[in-house]
């Protein structure tokens, strides 16, 4: 898990350091998100190994890489084919368990299903990532999980009520986009 220093170059990212080895310390540079992103990747890896006998996103034990503080004020998270990137957005970085699980699940789907990330196959890719993100959150939090993708002021979707965020709940239903 690397600090992108609000840049967009993986080559400029640096390691996180801590003087006292206490990693959940809230600070002005919101570096505690590195711990959350790293832990989210760890529990996602464990989920895929324990539940699906899958060793990393490619089933070949590849290193799982995350970049936090990606770009300035970037309010998003993504999988780029080899790593995850998490922006700080409005000061509430996108590193909840289900978002981390969602992004890493894109790696699993990309290395197993061969779906082209476009139109309906892209929608399937997104929905698989949402499903896995929630399954991972449930696996970790049990009954304390939520159907929302994301938490607090960055809820992206709600799987229990897709229309709440303008998403369709059926194929070709209300809010469907071609």
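Numbering (my numbering), first residue to last: 12 to 189. Ideal Cβ placement from N, Cα and C applies to all residues, glycine included. All values derive from a computational prediction rather than experimental measurement.
Report the option in the options whose CA atom is closest to the CA atom of residue i.
i: residue 49; options: 38, 70 and 115; result: 115
i: residue 150; options: 20, 53 and 28; result: 53
i: residue 51; options: 33, 96, 38 and 25; result: 96
i: residue 93; options: 131, 25 and 21; result: 21
i: residue 56; options: 25, 113 and 32; result: 113
i: residue 61; options: 146, 182 and 181; result: 146
i: residue 25; options: 33, 181 and 81; result: 81
i: residue 182; options: 138, 33 and 124; result: 138
Confirm, please, whether the CB-CB distance from residue j to residue i is below 7 angstroms.
i: residue 109; j: residue 148; result: yes
i: residue 165; j: residue 105; result: yes
i: residue 27; j: residue 45; result: yes
i: residue 118; j: residue 90; result: yes
i: residue 170; j: residue 187; result: no
i: residue 23; j: residue 83; result: no
i: residue 128; j: residue 122; result: no
i: residue 260; j: residue 162; result: Any question about residue 260 goes unanswered here, given that the chain covers just 12 to 189.
i: residue 160; j: residue 152; result: no
i: residue 78; j: residue 13; result: yes
Provide the residue(s) that pair with residue i in DSSP beta bridges, ordered along the chain.
i: residue 88; result: 97
i: residue 169; result: 159
In chain order, what residues of the same chain lie with their CB nearer than 6 angstroms to the CB of residue i, ignoring the 5 residues before and after it?
i: residue 85; result: 98
i: residue 11; result: Nothing can be reported for residue 11, as the shown portion of the chain is limited to 12 through 189.
i: residue 156; result: 148 and 149
i: residue 76; result: 94
DSSP three-state label for residue i, please.
i: residue 160; result: strand
i: residue 78; result: strand
i: residue 25; result: strand
i: residue 182; result: coil
i: residue 145; result: helix
i: residue 14; result: strand
i: residue 37; result: coil
i: residue 50; result: helix
i: residue 130; result: helix
i: residue 61; result: helix
i: residue 120; result: helix
i: residue 140; result: helix
i: residue 42; result: coil
i: residue 109; result: helix
Only counting the same chain, and skipping five residues up and downstream in sequence, which positions put a Cβ closer than 7 angstroms to that of residue i?
i: residue 73; result: 67
i: residue 35; result: 43 and 46
i: residue 59; result: 65 and 119
i: residue 141; result: 113, 160, 168 and 170
Which residues in the same chain as residue i place their Cβ atom closer than 8 angstroms to its Cβ, once the five residues preceding and following it in sequence are excluded?
i: residue 185; result: 174 and 179
Taking 6 angstroms as the cut-off, does the CB of residue i come closer than this to any heavy atom belonging to the ligand FMN?
i: residue 123; result: This structure lacks the ligand FMN, and indeed carries no ligand of any kind.
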